[in-house]
Structure formats: structure tokens, C-alpha cells
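First up is the structure itself, then whatever we jot down about it.
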Amino acid sequence: MACRSLPEGQSGPAADALARRMLSAVNASAWANTGAVTFVFAGQNRHLWDRTRGFSRVEWGDTIAWLDLSQRRGVAVREGQTLEGEDVSAAVDDAYGKWVNDTFWLNPVVKVFDEGVVRSRVDVDAKTGLLVRYTSGGRTPGDAYLWWVDADGRPVAWQMWTSNIPIGGLEASWEGWIELDTGAWVATRHEILFKTLELTEVRGAETLAALLSSPTPSDPFEKLRSLCHREDPARSCGAFN
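What follows is the structure, given as C-alpha cells:
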């Protein structure tokens with residue numbers, strides 16, 4: 001498949017208006033009130049994201065990691081054993097990379113007005129799209145995405161120009177839309193060439209307790225709090241970038 005050049009667009013009020021239509025179509029205000037989310041990415045990585053506290057648990061293979069996203073620290077267990085030193089640092093850094101990638105696929109629309117984002121309106125073959133370029137932040141600054149939306153502003157596809165995909169302009173569909181209990185909308189299925197990328201077991205709620213369906217659940221992040229949230233963090237508390 002041939003690479004496509006990154007198109008030129010026009011930034012300004014028209015681009016911002018299209019971005020706001022997209023936010024409305026996915027009910028971004030409801031997403032802001034979604035305090036906790038859980039989902040499985042591509043059948044491999046299981047996430048429990050406490051958005052209120054900025055914690056996340058990532059499970060893959062024989063490893064579980066608990067991350068404090070604001071303090072950039074975390075703990076990890078592999079085959080039931082708590083990791084320490086370089087092992088825990090490597091594990092939580094790996095977990096954070098998965099978190100960045102997977103949660104971006106969960107709901108990137110709400111990031112179109114983030115700091116460092118450049119929005120441009122693009123007109124191609126009688127179609128109008130929104131080109132979003134991330135000039136800073138994340139792990140791959142410089143990535144760009146061209147959104148195509150339906151009449152209501154809900155995304156139907158995007159084209160990608162990213163550092164980790166060698167085909168410029170590769171298209172992925174945005175479909176399988178579901179409404180979370182909070183009213184926010186997220187897409188759960190993407191067709192990319194001959195591959196289907198799915199997010200499964202997707203649920204969201206206003207609070208972690210509501211998501212876990214218990215008024216007084218045990219804190220799934222107790223291990224993180226006990227090992228990292230103290231004056232002298234344990235050796236099993238590792239840092240990530």
C-alpha cells in the first residue's frame with residue numbers, strides 16, 4: 001500500500017468548530033464525569049483506570065502493574081512475585097506505554113483541544129475532515145491524525161501519520177460505538193487493512209465503586225498506595241518516564 005503525504009489544512013474557527021462537533025457527538029462532558037473505566041485492548045491488555053485519582057492497573061501475560069499516573073511511579077507483580085529494582089522499573093515503564101497507547105484508542109476525540117494540539121480543516125474530494133497534530137506530549141510527539149466524521153460529527157474513520165506505522169495515511173475505521181453508563185460514547189472496533197482491532201468488556205461509571213458494583217469495595221490500588229505513597233517509597237516502587 002502506497003504512503004500518502006500529510007495533507008495541508010487551514011487552522012482557525014472552522015477547524016475548531018468541527019472539533020467541537022466531534023466532542024458533542026461523543027458527549028465529551030459525560031466523559032469528563034466518567035471517573036472509572038475498564039476495558040480489554042486487542043484481547044491482550046486488561047485495564048482498570050481510576051480517572052478520579054489518576055491510577056491505573058494494567059494486566060498482560062503473567063504481569064500486573066499498578067500505576068500512579070501523576071507521580072510516574074508504580075509497582076508490579078510477575079507470576080505472583082512482587083518485582084524490585086530494575087525489574088519493577090522496566091515493568092511499570094512497559095505498562096505505562098501500554099496505557100498511553102490503549103487509552104488513546106479508547107477515546108482520543110476528547111484530546112483534540114489538549115495543549116500542544118494543532119487543528120486544521122482539510123477539504124479532499126468534496127469531503128471535509130479535521131487534521132489533528134500532536135506537537136508535544138505523549139510518547140510520540142509529531143503524530144498526526146485526519147478524522148472523517150458523519151453528518152452528526154461522530155467519527156467514522158481516521159488516517160494516521162505516526163512514527164510507529166511505516167504507511168503514511170493508513171486508514172482505520174471507527175465503529176462499534178457504545179454508550180457508557182455515564183452517557184459518554186466510545187468506539188470499540190476498528191478495521192485496519194485486513195485486521196480488526198477490538199476493545200472488549202468496555203464499561204465506565206462515575207466512580208470506581210460504581211464500576212466495581214459495590215458500595216464499599218476493597219481498593220484495587222491498595223498495593224500501589226502502600227508501597228509508593230509513603231515518605232520512603234519501597235524498593236518495589238519503580239519510576240517510569
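Numbering (the numbering used here), first residue to last: 1 to 241. Here a beta-carbon is modelled for each residue, glycine too, at the ideal position from N, C-alpha and C. Quantities reported herein were computed from a predicted structural model and do not represent experimental measurements.
Quiz item: Are the beta-carbon atoms belonging to V26 and V156 less than 8 Å from one another?
Solution: No, the Cβ-Cβ distance between V26 and V156 is not below 8 Å.
Quiz item: Under the rule that 16 or more other beta-carbon atoms within 10 Å means buried, what is K98, buried or exposed?
Solution: Under the 10 Å beta carbon count, K98 is surrounded by 16 or more other beta carbons and is classified as buried.
Quiz item: How big is the Cα-Cα spacing for L227 and A17?
Solution: Across the structure, L227 and A17 are spaced so that their CA atoms are roughly 46 Å apart.
Quiz item: Would you call the CB atoms of D181 and T162 closer than 8 Å?
Solution: Contact flag unset, no.
Quiz item: Residues in its own chain within less than 7 Å of K223 by CB, not counting five upstream and five downstream?
Solution: Taken in chain order, the residues that qualify are W66 and V75.
Exercise. Starting from the Cα of E290, find the closest Cα among S11, A14, A32 and L6 and give me that residue.
Key: Because the chain in this structure spans residues 1 to 241, residue 290 falls outside the shown range and cannot be described.
Self-check item: Distance between G204 and A30 (C-alpha atoms, nearest Å)
Solution: Between A30 and G204, the C-alpha separation is close to 10 Å.
Self-check item: Alpha-carbon to alpha-carbon, I167 and C3
Solution: Cα to Cα, the separation comes out at about 5 Å.
Practice problem: Determine the extent of the alpha helix (DSSP H) in which E222 is found, giving its start and end residues. | Solution: Membership of E222 in the alpha helix (DSSP H) is indicated by the continuous run E222 to C228.
Quiz item: How is the alpha helix (DSSP H) around A15 delimited, first residue to last?
Solution: Annotation for A15: the continuous alpha helix (DSSP H) segment containing it runs P13 to A25.
Practice problem: Kindly indicate which residue of Y145, I178 and G183 has the alpha-carbon position closest to the one of A172. | Solution: Nearest of Y145, I178 and G183 to A172, Cα basis: Y145.
Quiz prompt | Same chain, Cβ closer than 7 Å to P220, five either side skipped, listed in chain order | solution = Correct list, in chain order: L48 and R57.
Quiz item: Can you give the beta carbon distance from W147 to M22, rounded, assuming they're within the 8 Å contact cut?
Solution: Correct: roughly 7 Å between the Cβ atoms.
Exercise. Give the DSSP-derived three-state secondary structure of L208 in the structure shown.
Key: Under the three-state reduction of DSSP, L208 is assigned to helix.
Exercise. Determine the direct distance from the alpha carbon of L170 to that of I282, and round the result to whole angstroms.
Key: Look at the range of the chain in this structure, 1 to 241, and you will see that residue 282 is not part of it.
Practice problem: May I ask which residues mark the beginning and end of the alpha helix (DSSP H) holding W31? | Solution: Taken as a continuous stretch (DSSP letters only), the alpha helix (DSSP H) holding W31 covers A28 to A32.
Quiz item: What are the start and end residues of the alpha helix (DSSP H) that includes L69?
Solution: No alpha helix (DSSP H) holds L69; DSSP gives it neither H nor E.
Quiz item: Mind checking whether V124 and P7 have CB atoms under 8 Å apart?
Solution: Yes, they are a contact pair.
Quiz prompt | Cβ-based neighbour list, P217, same chain, cut-off 8 Å, excluding 5 preceding and 5 following | solution = Same-chain partners within the cutoff: L208 and A209.
Self-check item: Assigned secondary structure, E115 (DSSP; H/G/I helix, E/B strand, else coil)
Solution: In the three-state reduction of the DSSP assignment, E115 falls in the coil class.
Practice problem: Look at L197 and V40 and say whether their C-beta atoms are less than 8 Å apart. | Solution: Judged by beta-carbon spacing, V40 lies beyond the 8 Å limit of L197, meaning their Cβ atoms are not closer than that value.
Quiz item: Can you name, in chain order, every residue of its own chain whose Cβ lies under 8 Å from the Cβ of N107, other than the five neighbours on each side?
Solution: If we look at N107 and ignore the five residues flanking it on each side, its Cβ neighbours are V26, W31, A184 and V186.
Exercise. Compute the beta-carbon to beta-carbon distance between F240 and V92, rounded to the nearest angstrom, for a pair I have assumed lies under 8 Å.
Key: The Cβ separation is near 5 Å, so the contact holds.
Self-check item: Cβ-based burial, F55 [other Cβ within 10 Å; buried from 16]
Solution: Counting other Cβ atoms within 10 Å of its Cβ, F55 reaches 16 or more and is therefore classed as buried.
Practice problem: Note down the Cα distance separating V122 from G129, rounded to an integer number of angstroms. | Solution: Cα to Cα, V122 sits roughly 5 Å from G129.
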